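Report on the following structure.
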Amino acid sequence: NDGPTVVRFPKGDLPVPQEAVHTLEDGVDILAYLEAESDADEAVAADDIPDVLIVSVGERAIMSLELAARLVQNGVNVTVVDPGWVVPIPQSLVALTADHDLVITIEDGVIHGGVGSLLSDALNAAEVDTPRRQVGVPQKFLDHGTRGQVQAEHGLDVDSVEATVNGWLERLFGDQS
Numbered sequence: 351n352d353g354p355t356v357v358r359f360p361k362g363d364l365p366v367p368q369e370a371v372h373t374l375e376d377g378v379d380i381l382a383y384l385e386a387e388s389d390a391d392e393a394v395a396a397d398d399i400p401d402v403l404i405v406s407v408g409e410r411a412i413m414s415l416e417l418a419a420r421l422v423q424n425g426v427n428v429t430v431v432d433p434g435w436v437v438p439i440p441q442s443l444v445a446l447t448a449d450h451d452l453v454i455t456i457e458d459g460v461i462h463g464g465v466g467s468l469l470s471d472a473l474n475a476a477e478v479d480t481p482r483r484q485v486g487v488p489q490k491f492l493d494h495g496t497r498g499q500v501q502a503e504h505g506l507d508v509d510s511v512e513a514t515v516n517g518w519l520e521r522l523f524g525d526q527s
């Protein structure tokens with residue numbers, strides 16, 4: 351069967367499609383590449399600035415771009431990509447992860463067995479050791495509410511995700527501010 355196995359219809363309006371600044375050969379869209387500004391008086395070498403890759407899946411692109419803008423203000427370089435298709439994991443995405451210091455998948459699907467898990471499996475198979483983290487829906491029954499209410503309740507809103515990512519960055523690389 352070459353057709354889809356699952357079709358999801360989200361509640362509410364569809365997000366505005368995000369334009370790619372570049373598209374890789376196998377269709378992975380690069381939505382943004384943001385470089386942190388360094389003060390000329392600081393002795394911070396470019397090699398000391400972490401490079402974070404955010405793999406944004408589905409409607410999470412807008413939130414991922416907002417998150418990237420916040421992270422860059424904290425001294426982090428950020429690339430945001432939308433793979434378009436996630437099964438199989440595109441080889442250009444695997445290659446891109448090797449050029450970054452941390453890979454974060456942000457999806458509106460369940461975290462266990464989701465895109466982050468698939469990407470992690472692909473990176474393990476390719477022997478790419480870049481640290482990776484996942485943001486997604488917990489595997490449990492969720493209370494009813496608006497999309498925003500459910501996201502906030504489970505730490506999936508931009509403020510909560512920013513706090514989580516800053517914690518990961520602190521543990522992996524030290525204080526970036």
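In short: position in the sequence shown from 1, add 350, done, that's our numbering. Glycine is no exception: its CB is placed at the ideal position from the N, C-alpha and C atoms. Note that this is a predicted model, so its numbers are computed, not measured.
The Cβ atoms of Val511 and Pro433 do not sit closer than 8 Å to each other. Contact annotation, Leu415 with Ala386: C-beta distance approximately 16 Å; criterion of less than 8 Å not satisfied. Ser467 and Ser388 have their C-alpha atoms roughly 34 Å apart. Within the same chain, and ignoring the five residues on either side of Val465 in sequence, the residues whose Cβ sits closer than 6 Å to its Cβ are Val407, Val436, Thr455, Glu457. For Ile412, no beta strand (DSSP E) segment is defined; the enclosing uninterrupted segment is the alpha helix (DSSP H) at 411–423. A direct Cα-to-Cα measurement between Val460 and Gly486 gives close to 6 Å.
Under the DSSP assignment, Asp471 falls in the alpha helix (DSSP H) whose first and last residues are 465–475. Residues Asp379, Ile380, Leu381 of the same chain have their beta carbon placed closer than 7 Å to that of Ala370, with the five preceding and five following residues left out of the count.
Per DSSP, Glu375 lies in no alpha helix (DSSP H) and is assigned neither H nor E. Bridge pairing for Ile439: absent [DSSP]. Nearest Cα to Arg410 within the set Phe523, Val515, Leu519, Val508: Val508. The closest CA to that of Pro488, considering only Glu477, Leu473, Val500, is found on Val500.
Between Leu403 and Leu473, the gap from beta carbon to beta carbon reaches 8 Å or more. Between Asp376 and Pro440, the gap from beta carbon to beta carbon is short of 8 Å. In this structure, the straight-line span from the alpha carbon of Gln423 to that of His462 is close to 31 Å. Shown here for Gln484: same chain residues with a beta carbon closer than 6 Å to its own, the five before and five after excluded, namely Thr455, Ile461, Gly466 in chain order. Ala476 is a Cβ neighbour of Val444, given a cutoff of 8 Å.
Taken through DSSP and simplified to helix, strand or coil, Gly486 comes out as strand.
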